[in-house]
Amino acid sequence: MNSGDVDAIITQNVYDYYTSLSSYHIFPAQNRSIKFSVKACYAAFILLSAAVGLNSPDFYEICLGGGSEYSYTFLRRKYNTGETLGPYTPGIINCAAHLTFILSWTVVGRITLTKETDNGTEVVIDWTDPTPLPIHGVGVMTAWGAEGIWILEHIRK
1 MNSGDVDAII
11 TQNVYDYYTS
21 LSSYHIFPAQ
31 NRSIKFSVKA
41 CYAAFILLSA
51 AVGLNSPDFY
61 EICLGGGSEY
71 SYTFLRRKYN
81 TGETLGPYTP
91 GIINCAAHLT
101 FILSWTVVGR
111 ITLTKETDNG
121 TEVVIDWTDP
131 TPLPIHGVGV
141 MTAWGAEGIW
151 ILEHIRK
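Mapping the sequence shown onto the UniProt record's numbering, position 133 (from 1) lands on 133, and the numbers just tick up by one.
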């Protein structure tokens, strides 16, 4: 689903555009991680929110395949008021194939995103927030004209 021209930099209440995983009785915040695959040409977003239903101004937003030539990965904190990471990551996602990622976080603020490759895993983001937000909800979307297909692995405890 393409949510339109939205992201945390320009959109008030951007969380309203995300599909909350709790709506499907998936609660990755309980395990502090989620494994997912996405097939999209660009602009695949994950939201880590302070609210189970995502309706909170306190969140982290991760964008895969954003920016110039859709070749960057961004991590934004709370309406871009905190640190924004933007490593150059060409080919981070793919129009023709599902690529698999593991996103994990700790209560002390460390957020890690790894991508599965033929040779194992590759670290895309490894960042620690000095003033971490509590994460209770997770959402996904594609935006900026991109269509995407998401596969979420969920292990119920």
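All C-beta atoms in this analysis are idealised placements derived from N, C-alpha and C, irrespective of residue type, glycine included.
This one's a predicted model, so the numbers in the text were calculated from it and none came from an experiment.
| Item | Value |
| --- | --- |
| Per-residue burial, isoleucine 9 [other beta carbons within 10 Å of its own, 16 or more giving buried] | exposed |
| Straight-line Cα distance separating proline 132 from threonine 114 | 20 Å |
| Beta carbon of valine 52 nearer than 8 Å to that of histidine 136 | yes |
| Leucine 103 beta carbon less than 8 Å from that of serine 22 | no |
| For histidine 116: DSSP bridge partner residues | Before going further, note that residue 116 is glutamate rather than histidine in the sequence given. In the DSSP output, where bridge partners are listed per residue, glutamate 116 has Thr121. |
| Beta strand (DSSP E) runs contained entirely in the UniProt domain "Farnesoic acid O-methyl transferase" (30-153), provided each spans 3 or more residues | 33-40, 44-49, 59-66, 72-77, 99-105, 110-117, 120-128, 137-142 and 148-153 |
| Counted within 10 angstroms of its Cβ, other Cβ atoms place serine 68 as buried (16 or more) or exposed | exposed |
| CA nearest to the CA of glycine 120, picked from Thr100, Val108, Gly139 and Arg110 | Thr100 |
| Candidates Ala97, Lys78, Gly66 and Ile111, of which the one nearest threonine 89 by Cα | Gly66 |
| One or two residues paired with asparagine 13 in a DSSP bridge | According to DSSP, which records beta bridges pairwise, asparagine 13 is partnered with nothing at all. |
| Simplified DSSP assignment, three categories, for serine 23 | helix |
| Cut-off 6 Å between Cβ atoms - residues of its own chain near proline 134, not counting five sequence neighbours on either side | Ala50 |
| Alpha-carbon spacing of leucine 47 relative to threonine 11, whole angstroms | 14 Å |
| Through-space distance from phenylalanine 45 to alanine 29, alpha-carbon basis | 17 Å |
| Beta carbon of isoleucine 111 nearer than 8 Å to that of tyrosine 70 | no |
| Spatial distance of glycine 86 from tyrosine 17 (CA atoms) | 22 Å |
| Residue from Thr117, Ala96 and Ile125 whose Cα sits closest to the Cα of glutamate 147 | Ala96 |
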